[in-house]
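Residue numbers (this note's numbering), protein chains in the order written: chain C, 21 to 125; chain Y, 21 to 125.
2 protein chains.
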Amino acid sequence: MTAPTAEALSAIASPRRRDMLRLMWGRELSAGELASNFDISWPAVSQHLTTLKQAGLVTERRDGRNRYYSSDETMVGSLAMILEQMWDNDLDRLASLAEEDERNG
Amino acid sequence: MTAPTAEALSAIASPRRRDMLRLMWGRELSAGELASNFDISWPAVSQHLTTLKQAGLVTERRDGRNRYYSSDETMVGSLAMILEQMWDNDLDRLASLAEEDERNG
DNA sequence: TCTTTATTTAAGTAGCGACTTAAATAGTAA
DNA sequence: TTACTATTTAAGTCGCTACTTAAATAAAGA
């Protein structure tokens, strides 16, 4: 669960990908429709979509020769929760380590 | 408010910086104490600290020849909130744009 | 089948970011 | 002042990431 989180964090850290996520928010867009909103090449958009897909931030649906993408609606809430959990978990872990440190002098 | 958020997002996207933030959680550490926890050079740590400071994720206190750093305790909550707000704001903006689009055919 | 459309994969370039070592700054102490 | 400690700034290297164009795949229609 740590790895996918880190992936999602760096995925969402990119302004370009945040713009893409917003455009796909609440609706499906084909790769081409999405790409037409940007001044970069289609392959560049496709590559970002792959990154977002791997991070679990978008879903892909194939229909004929089109591929439709949409932001995962639970994403923001999940990311916020995941951030907090990541912190909680790590704080617990660090607390244990600190105790051990003290015991070991 | 968009710029600092983006800064915080990419700052926290780095595993190294997340580790640093965790070590400084709930306590102050001098730059040197912090650096001794990592296998990278002190300048590298110093550079990460600058990044975190610019993103508003850590505070710096100078005392003599030491500089003490600490994670900003409100950070995680803020980041989560900011993420949600960023989305809400942008969704509002996109909604307005969509309406305008429809009006303009 | 051949062509067109939608999209990805491949291969390469350029800029950025994480690191390095060396030098500079700044505070304290002798 | 000189020396020492803590830390940063400077300058350079290297790998990763965002992009590019060209080629490949895959679906659908003539």
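The beta carbon of each residue, even a glycine, is placed where N, CA and C say it ideally should be.
Flag residue i as yes if its beta-carbon sits less than 7 Å from any beta-carbon of chain C, otherwise no.
i, result
"A75(Y)", "no"
"A99(Y)", "One point to set straight first is that residue 99(Y) is Leu, not Ala, in the sequence displayed. So, interface residue."
"A55(Y)", "no"
"A51(Y)", "no"
Assuming contact is defined by CB atoms lying nearer than 7 Å, are residue i and residue j in contact in what I supplied?
i, j, result
"S98(Y)", "L41(Y)", "no"
"S30(C)", "A100(Y)", "no"
Excluding the 5 residues preceding and the 5 following residue i in the sequence, name in chain order all residues of the same chain whose CB lies nearer than 8 Å to its CB.
i, result
"L54(C)", "M40, L43, M44, V65, L69 and Y89"
"L49(C)", "L43, Y88, Y89 and S90"
"W62(C)", "A51, G52 and A55"
CB-CB under 7 Å to residue i, same chain, minus the five flanking residues each way: which ones, in chain order?
i, result
"N57(Y)", "L43"
"E27(Y)", "Q74 and A75"
"N86(C)", "S50"
"G125(C)", "Note that G125(C) scores 41 on pLDDT, short of 50, meaning its location in the model is unreliable and no value can be drawn from it."
"P35(Y)", "none"
"M95(C)", "L77"
Check whether the Cβ of residue i lies closer than 7 Å to any Cβ atom in chain Y.
i, result
"L29(C)", "yes"
"L103(C)", "yes"
"A1(C)", "With chain C covering only 21 through 125, there is no way to say anything about residue 1(C)."
Pull the bridge partners of residue i from the DSSP assignment, please.
i, result
"T70(Y)", "T70(Y) is not bridged to any residue."
"T79(Y)", "S90(Y)"
"L49(Y)", "Y89(Y)"
Apart from the five residues just before and just after residue i, which ones in its own chain have a Cβ nearer than 6 Å to its Cβ?
i, result
"D59(Y)", "none"
"R81(C)", "Y88"
"E93(Y)", "none"
Since residue i and residue j are thought to touch, with beta carbons under 8 Å apart, how far apart are those beta carbons, to the nearest angstrom?
i, j, result
"R37(C)", "L72(C)", "6 Å"
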